[in-house]
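In my numbering, the protein residues as written are 3 to 250. This report refers to the structure that appears directly beneath it.
Structure follows, in structure tokens:
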């Protein structure tokens, strides 16, 4: 029986993914059911292709499946933030909704994650990417420039598969496109980042609705702002004194 307080919350932002999201939900179910109590939150980011209607047949039969909707398209970072704010689990797993992230990699990331470590981010590193040459080249250039500027020691921040604590994410400053800079933000807060090799699959159907050029142009602008921001974030190091004395 599913607990009311799931341990894991999987967040999937989607925009016009009606051909991909139902099968992805069923894949996640087969992977996570043996592991732990969990919930899956699909955040529909203002889709216009009846993405939500395709989930109706499975939504009513699965108590762990939740759907949160934006009335209009707000962008991927906002969709992720909306899902995390709605989440009840203390551990967050994010992944893309196009089916290119493999749910079978979730247990691998979780094995490297310690929920007792503050500001630990475990992120996927896509091997043998199944993207167009343009997307691969632009991503490679963007990753190299970002690492040079931010020193975030993360070769692939664009991988949607990430694991972190909910409370850590909610303590970060929010801004549009922030999901691309989570490694730098976690490190600025005094945390650490671990990259784990993951599978990358062909997009089954449809086209990406968070475009390559949009990401590239936004990334250039955001990189300047994030570089300024991480230099001004001051991590808080505090602790509480404990005593063994008994109260009278």
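Just so you know, even glycine gets a beta-carbon here, dropped at the ideal spot from N, CA and C. Note that the structure is a prediction, hence the values are computed from the model and not measured.
For residue 25, the enclosing alpha helix (DSSP H) stretches over residues 23-34. Remark: fewer than three beta-carbon pairs, one from each stretch, lie closer than 8 angstroms, so the stretch 62-74 and the stretch 171-190 are not flagged as touching. For residue 108, the enclosing alpha helix (DSSP H) has its first and last residue at 108-113. In this structure residue 186 is buried. Its beta-carbon is surrounded by 16 or more other beta-carbon atoms within 10 angstroms. Shown here, residue 59 sits in a helix according to DSSP, grouped into three states. Residues 96, 125 of the same chain have their beta carbon placed closer than 6 angstroms to that of residue 164, with the five preceding and five following residues left out of the count. Taken through DSSP and simplified to helix, strand or coil, residue 84 comes out as helix.
Following the DSSP letters along the chain, one finds residue 163 in no beta strand (DSSP E), marked with neither H nor E. Of the candidates 152, 102, 229, 102 places its Cα closest to the Cα of residue 200. Taken atom to atom, the span from the alpha-carbon of residue 30 to that of residue 110 is near 14 angstroms. Straight-line measurement puts the Cα of residue 224 at about 17 angstroms from the Cα of residue 142. Taking C-beta atoms as the reference points, residue 120 and residue 48 fail to come closer than 8 angstroms. In the structure shown, residue 120 falls within a coil segment according to DSSP collapsed to helix, strand and coil.
Residue 114 places its beta carbon less than 8 angstroms from that of residue 196.
Scanning 105, 158, 122 for the CA closest to the CA of residue 130 turns up 158. Take residue 67, set aside five residues on each side of it, and the residues of its chain with a beta-carbon closer than 8 angstroms to its own are 27, 41, 42, 44, 57, 60, 61, in chain order. If you draw a straight line from the Cα of residue 150 to the Cα of residue 162, it is about 21 angstroms long. Within a 10 Å sphere around the beta-carbon of residue 182 sit 16 or more other beta-carbons, which makes this residue buried. Taking residue 53 as the centre and dropping the five residues before and after it, the same chain places the C-beta of 16, 18, 19, 20, 23, 46 closer than 7 angstroms to its C-beta, in chain order.
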